[in-house]
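Numbering (my numbering), first residue to last: 17 to 158. Note that CB positions come from ideal geometry on N, CA and C, so glycine has one too. Computed from a predicted structure; not experimentally measured. These notes concern the structure reproduced below.
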C-alpha cells in the first residue's frame, strides 16, 4: 500500500510508490482525474490556456493563449488543444487586437469631414472640421 499523494501502477509488488502528479493552477492546469493508490492524477488545462505537452489522455504542461496585438485580429480563438491564431490587418483596415475581424478606416470625406490624421493598422482615421466639398452655397433670387 502506498502513502497519501503517492501511487503504484500495476500489480507488481516490487514496484516503488511514485509521487502523484500535481495539477498546478499557477501553471494553467487543473485536476481531470484525481490520484488514487493505483493510478496517477490526470491534469487538464484551465480556461485561457492550451496544452503544450499531452500524455495519457491528459496534459503535463500548458501555456496561456496568445493575446493578439493592436493591428492584428483573432483568426481562430484558442482552444484547450490549440493556441489563438492572430492575423495582421490589411491596408485600409484596423483592429485593437480583441476583434475577430479588422474594421475599415472611416473615409472622412464620405461623411462630409476632413481627414485630420490617417488611420493605422491599430487606429481608425481621425476626422474633423468640414471636408473640401462643404462650402457656402448661395443662391441669387431675381
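Suppose contacts are defined by Cβ-Cβ distances below 8 Å. Is residue i in contact with residue j by that definition?
i	j	result
residue 88	residue 105	yes
residue 57	residue 50	yes
residue 48	residue 59	yes
residue 102	residue 124	no
Below 6 Å CB to CB, which residues in the same chain sit around residue i once its five sequence neighbours on both sides are set aside?
i	result
residue 94	66, 81, 100
residue 198	Because the chain in this structure spans residues 17 to 158, residue 198 falls outside the shown range and cannot be described.
residue 85	113
Cutting at 8 Å between CB atoms, please list the residues of its own chain near residue i, excluding the five before and the five after it.
i	result
residue 79	44, 65, 66, 68, 99
residue 145	129, 130, 132
residue 21	35, 36, 51
residue 31	24, 25
residue 38	57
residue 19	33
For residue i, I'd like the list of residues in its chain whose CB is within less than 7 Å of its CB, leaving aside the five on either flank, ordered along the chain.
i	result
residue 139	110
residue 55	23, 25
residue 122	140, 141, 143
residue 134	141
What are the boundary residues of the beta strand (DSSP E) that residue i is part of?
i	result
residue 62	Looking at the DSSP string, residue 62 is not in any beta strand (DSSP E), and its letter there is neither H nor E.
residue 46	45 to 49
residue 143	142 to 144
Quick one: does the C-beta of residue i sit closer than 7 Å to a heavy atom of the ligand NAP?
i	result
residue 105	This structure simply doesn't include the ligand NAP, nor any ligand for that matter.
Quiz prompt | beta strand (DSSP E) runs contained entirely in the segment 70 to 139, provided each spans 3 or more residues | solution = 74 to 80, 88 to 92, 101 to 104, 130 to 133
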